[in-house]
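Student: The following block contains the structure, expressed as structure tokens.
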Amino acid sequence: MKIAQIQSRVYNDKKKNAEQLKLYLEKIKSERPDLVMLGEMFNCPYETKQFPLYAEEEGGETWKMLSHLAKEYGIYLAAGSVPEIAEGKIYNTAYVFDRNGKQIAKHRKAHLFDIQVEGGQHFKESEILTAGDKCTVFSTEFGKIGLCICFDFRFPELARMMVLRGAKMILVPAAFNMTTGPAHWDVMFRGRAVDNQCFVAGTSSARDTGASYVAWGHTLLVSPWGDVIEEMEGEEGYIIHDVDLKEADSIRRQLPLLSARRTDIYQSENGAEF
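The letter at position 93 of the sequence shown is residue 93 when you use the UniProt record's numbering, and the numbering goes up by one with no holes.
Below, the structure is given as structure tokens:
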């Protein structure tokens with residue numbers, strides 16, 4: 001499977017973000033990617049106050065544009081995430097479309113980014129967003145792929161659940177900042193890949209020092225052995241790589257972490273499983 005990860009700049013103009021995506025897809029079409037991945041909130045400034053202004057219903061203008069592009073270019077399009085409105089609530093939502101433009105997966109960010117780092121970043125998504133409640137895995141002809149959004153990936157239980165449901169790669173549209181990025185980006189992605197013996201693709205927006213929220217960037221792809229296949233810096237651009245999801249099976253046979261799990265002892269004092 002050939003995966004392309006686009007690290008694009010996010011503009012205030014939703015249409016400009018859409019036009020930029022089309023330019024990238026045209027630019028990389030000669031590479032014939034099977035799956036194209038975008039960053040978190042790729043069409044909306046990462047500010048809680050902006051989410052309701054940019055939010056659309058599933059099936060809205062942005063959804064239709066993404067569906068059309070997936071079909072036009074014959075790709076799986078893991079469309080980063082966008083603000084979604086449903087029944088008066090706002091979600092941070094990632095859609096996935098197949099080569100025919102059909103939506104085959106949808107993940108609403110389940111762990112909201114509410115942090116207060118001393119001397120660093122403050123952010124509170126829960127002021128505006130509602131949390132999702134699903135673990136998301138979808139099927140392709142290459143194998144099963146998991147999907148979560150940014151802060152979700154800090155919780156190892158969710159990554160493990162995706163893998164136990166068959167995922168051999170996990171896609172993570174994300175927007176770490178200039179505090180959390182240098183501290184945790186690489187170690188987290190490599191750690192999840194090693195623990196779960198799967199490919200991990202983390203895709204960010206590009207770094208814009210003039211924005212109110214400055215993304216770390218550093219879009220990367222990690223192997224099931226924990227090797228960083230490639231990592232960008234903060235610039236706009238993309239990376240493209242061929243991956244064989246069967247490599248996850250090979251690593252799991254050689255180092256049988258998943259099959260050697262002792263679920264009989266992974267329990268809290270009250271009997272609940274971890």
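Where is the CB? At the ideal position from N, CA and C, for every residue including glycine.
Bear in mind that the values here come from a model prediction, so they are computed numbers and not experimental data.
For the 8 Å Cβ check, are there 3 or more pairs between the segment 235 to 242 and the segment 182 to 199?
Tutor: no
Student: Cβ of residue 159 within 6 Å of any heavy atom in the ligand SAM?
Tutor: Looking for the ligand SAM in the displayed structure turns up nothing, as the structure carries no ligands at all.
Student: What did DSSP end up calling residue 172 once you bin it into helix, strand or coil?
Tutor: strand
Student: Here's the rule I'm using: 16 or more other beta-carbon atoms within 10 Å means buried, otherwise exposed. How should residue 260 be labelled?
Tutor: exposed
Student: With burial defined as no fewer than 16 other Cβ atoms inside 10 Å of the residue's Cβ, what is the status of residue 52: buried or exposed?
Tutor: By the 16-neighbour rule on beta-carbons within 10 angstroms, residue 52 is exposed.
Student: Near residue 79, which residues of its chain fall below 6 Å by C-beta distance, leaving aside the five closest residues on each side in sequence?
Tutor: Excluding sequence neighbours, residue 79 sits near 38, 66 and 95.
Student: Is residue 138 near residue 125, with beta carbons less than 7 Å apart?
Tutor: no
Student: If you scan the segment 207 to 255 from start to end, which runs of the beta strand (DSSP E) of 3 or more residues do you find wholly inside it?
Tutor: 220 to 222, 228 to 231 and 237 to 242
Student: Helix, strand or coil: which one does DSSP assign to residue 161?
Tutor: In this structure, residue 161 counts as helix in the three-state DSSP scheme.
Student: Between residue 151 and residue 73, what straight-line distance do the alpha-carbon atoms span, to the nearest angstrom?
Tutor: 30 Å
Student: Does the segment 163 to 181 touch the segment 192 to 203, meaning 3 or more C-beta pairs lie closer than 8 Å?
Tutor: Contact between the segment 192 to 203 and the segment 163 to 181 is present, because at least three Cβ pairs lie under 8 Å.
Student: Report the partner residues of residue 199 according to the DSSP bridge assignment.
Tutor: Paired residues: 169.
Student: Name, in chain order, the residues that DSSP records as bridge partners for residue 190.
Tutor: Partner(s): none; residue 190 has no beta bridge.
Student: Decide if residue 30 is buried, meaning its Cβ has at least 16 other Cβ atoms within 10 Å, or exposed.
Tutor: exposed
Student: Taking the C-alpha atoms as reference points, what is the distance between residue 202 and residue 24?
Tutor: 18 Å
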